[in-house]
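So for the sequence shown, UniProt numbering puts the first residue at 57; every next one is plus one.
Note that the Cβ used here is the ideal one computed from N, Cα and C, for glycine as well.
Bear in mind the structure is a predicted one, so any value in this text is a computation, not a measurement.
Everything below concerns the one structure shown next.
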Amino acid sequence: DASPFTVGRLFTLTTWLLEQEKREVIDSEVAIVISSIALACKQIASLVNRAGISNLTGLAGAANQSGEDQKKLDVVANDVFANCLRSTGRIGTLASEEEDVPVSVEGSYSGDYIVVFDPLDGSSNIDAGISVGSIFGVYDPSEECRVDELDDAEEVLNKCVLNVCKAGSELLVAGYCLYSSSTVLVLTVGDGVVGFTFDALVGEFILSHPDIKVPDKGKIYAFNEGNYGRWEQGVKDYIDSLKDESKWGGTPYSARYIGSLVGDFHRTLLYGGIYGYPADTKNKTGKLRLLYECAPMSYLAEQAGGLGSTGTQRVLDLVPEKIHQRVPLFCGSKSEVEYLESFFK
Ligand code: AHG
Ligand code: MN
Ligand code: MN
Ligand code: MN
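Take a look at the structure:
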């Protein structure tokens, strides 16, 4: 059919959202929440691109609940996300890597959506100008998630924790924005995966990837092999096997790792292969957080025809017990993830 760029038929995130509303895949409330997330990503893209000339590199001077020293942009990106979401009047609860506990949002008047996010992923890369990203997930408001009839702060907090500790399989929306050679917003509303590339000339996300499918098999693996000595034997054996060219028709797998989940995942989603962050002797349950890194990425992987696994369990089946709970993550092409799982049996 006619190219999406036929004059007068420019497919932007906005027109795509209207299309999904017409198809009743989402309702207008969710469309407003996604639009506010896209606005946050546009602002963060601009901040990231100019970090080195606006005194936004370096440390903020505090640590987050995961025990990581917050970069200035971690904190700024967190504020940008919170402000954009708050202004929709449709958010009930927020949970972020950079917030110790979930936050109950005041002033919601139409919908109590629950949004979890990693406002700046791969932030160790920011000072070197290497790709970073944002990751987000949206859960449906359930009737009992309202907190306005509660006046005890402790009760409000407990309710907010319950609101966000849901299995990834319940996600309504999951996505990320990659801030790299181009700014790419990738998302799913449960009906496949689409990608939009930001066009600064019109200030819009333009549909560039109408139907992302992860190849069933790839030839790239993305693991931080600096941790090899700390991995359990099954993971060592798996990586050793990917390097054994006699197993792969004379060509071993290639290693690609930039230390930014969004960048490594996006390449894996488009090219195929596997991204892995295993548990190790120092990080006994892995490094990545279930709620706002592993679950949204696993939802996207499955919606694109791939898998998201801890090695022994489907990530989307896990219900977080703690907001910043870590789990091992192996995600990407079916072939490589299933092969990895065979080393855990
Ligand atoms: P964040 O910057 O949001 O804390 O996430 C960093 C994560 C992830 O982006 C990346 O894949 C991983 O940490 C890199 O960890 P290592 O540096 O230990 O490989
Ligand atoms: Mn961090
Ligand atoms: Mn992250
Ligand atoms: Mn982060």
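{"query": "For glutamate 317, is the beta carbon positioned less than 6 Å from some heavy atom of ligand 1?", "result": "The amino acid occupying residue 317 in the given sequence is leucine; glutamate does not appear at that position. It does: the Cβ of leucine 317 is within 6 Å (strictly closer) of some heavy atom of ligand 1."}
{"query": "Per DSSP, which one or two residues make a beta bridge with lysine 340?", "result": "Gly342"}
{"query": "May I have a chain-ordered list of the alpha helix (DSSP H) segments no shorter than 4 residues that lie completely inside the segment 258 to 338?", "result": "289 to 298, 317 to 327"}
{"query": "Could you tell me the distance, in whole angstroms, from the CA atom of glutamate 281 to the CA atom of proline 158?", "result": "34 Å"}
{"query": "Here's a check: name, in chain order, each residue in its chain whose Cβ is nearer than 7 Å to the Cβ of aspartate 336, leaving out the five neighbours to either side.", "result": "Asn283, Arg286, Trp287"}
{"query": "Does the beta-carbon distance from alanine 133 to leucine 176 come in below 7 Å?", "result": "yes"}
{"query": "Give the straight-line distance between the Cα atoms of aspartate 296 and isoleucine 186, rounded to the nearest whole angstrom.", "result": "28 Å"}
{"query": "Tell me the rounded alpha-carbon separation between arginine 323 and threonine 68.", "result": "22 Å"}
{"query": "Skipping 5 residues on each side, what residues in its chain have a beta carbon closer than 7 Å to that of glycine 178?", "result": "Ser187, Val188, Gly189, Gly315, Ser316, Leu317, Val318, Gly319"}
{"query": "With hydrogens ignored, establish whether the beta-carbon of aspartate 174 is closer than 6 Å to any heavy atom of ligand 3.", "result": "yes"}
{"query": "Just to check, is the beta-carbon of glutamate 349 closer than 6 Å to a non-hydrogen atom of ligand 3?", "result": "yes"}
{"query": "According to DSSP, is tyrosine 395 part of a helix, a strand, or is it coil?", "result": "helix"}
{"query": "I want to check one thing, is the minimum distance from the CB of aspartate 247 to the heavy atoms of ligand 5 below 6 Å?", "result": "No copy of ligand 5 occurs in the structure displayed; its ligands are ligand 1, ligand 2, ligand 3 and ligand 4 alone."}
{"query": "Under the rule that 16 or more other beta-carbon atoms within 10 Å means buried, what is threonine 368, buried or exposed?", "result": "exposed"}
{"query": "Am I right that valine 212 and serine 160 are in contact with their C-beta atoms under 8 Å? What's the rounded C-beta distance?", "result": "5 Å"}
{"query": "Assuming leucine 372 and glutamate 394 are in contact, meaning their beta carbons sit under 8 Å apart, how far apart are those beta carbons, in whole angstroms?", "result": "Between glutamate 394 and leucine 372 the Cβ distance is about 16 Å, and since that is not below 8 Å, they are no contact."}
{"query": "Go through the segment 103 to 188 residue by residue and report every complete run of the beta strand (DSSP E) that reaches 3 residues or more, in order.", "result": "115 to 119, 125 to 127, 147 to 152, 169 to 177"}
{"query": "If I measure Cβ to Cβ from aspartate 247 and keep anything under 7 Å in the same chain, skipping five residues before and after, which residues do I get?", "result": "Val81"}
{"query": "Under the DSSP definition of a beta bridge, which residues are partnered with arginine 370?", "result": "Ser365"}
{"query": "Determine the extent of the beta strand (DSSP E) in which cysteine 387 is found, giving its start and end residues.", "result": "385 to 388"}
{"query": "Within this structure, are the beta carbons of cysteine 201 and aspartate 156 separated by less than 7 Å?", "result": "no"}
{"query": "From the beta carbon of proline 376, is the nearest beta carbon of chain D less than 7 Å away?", "result": "No chain D is present in this structure, which holds just one protein chain."}
{"query": "Hey, could you find the ends of the beta strand (DSSP E) valine 250 is sitting in?", "result": "250 to 255"}
{"query": "Answer yes if the segment 344 to 353 comes into contact with the segment 226 to 240, meaning at least three C-beta pairs across the two stretches below 8 Å, and no otherwise.", "result": "yes"}
{"query": "Could you tell me the boundaries of the beta strand (DSSP E) in which threonine 244 lies?", "result": "239 to 244"}
{"query": "Please report the Cβ distance between aspartate 348 and glycine 193, rounded to the nearest whole angstrom; I am assuming they are in contact, meaning their Cβ atoms lie under 8 Å.", "result": "Residue 348 is actually tyrosine in this sequence, not aspartate. Tyrosine 348 to glycine 193, Cβ: 7 Å. Contact."}
{"query": "Measure the alpha-carbon distance for lysine 338 versus aspartate 267 and round it to whole angstroms.", "result": "39 Å"}
{"query": "Is it right to say glutamine 126 is buried, meaning 16 or more other beta carbons lie within 10 angstroms of its own, or is it exposed?", "result": "buried"}
{"query": "Would you kindly check if the distance between the Cβ of glycine 251 and the Cβ of histidine 265 is under 7 Å?", "result": "yes"}
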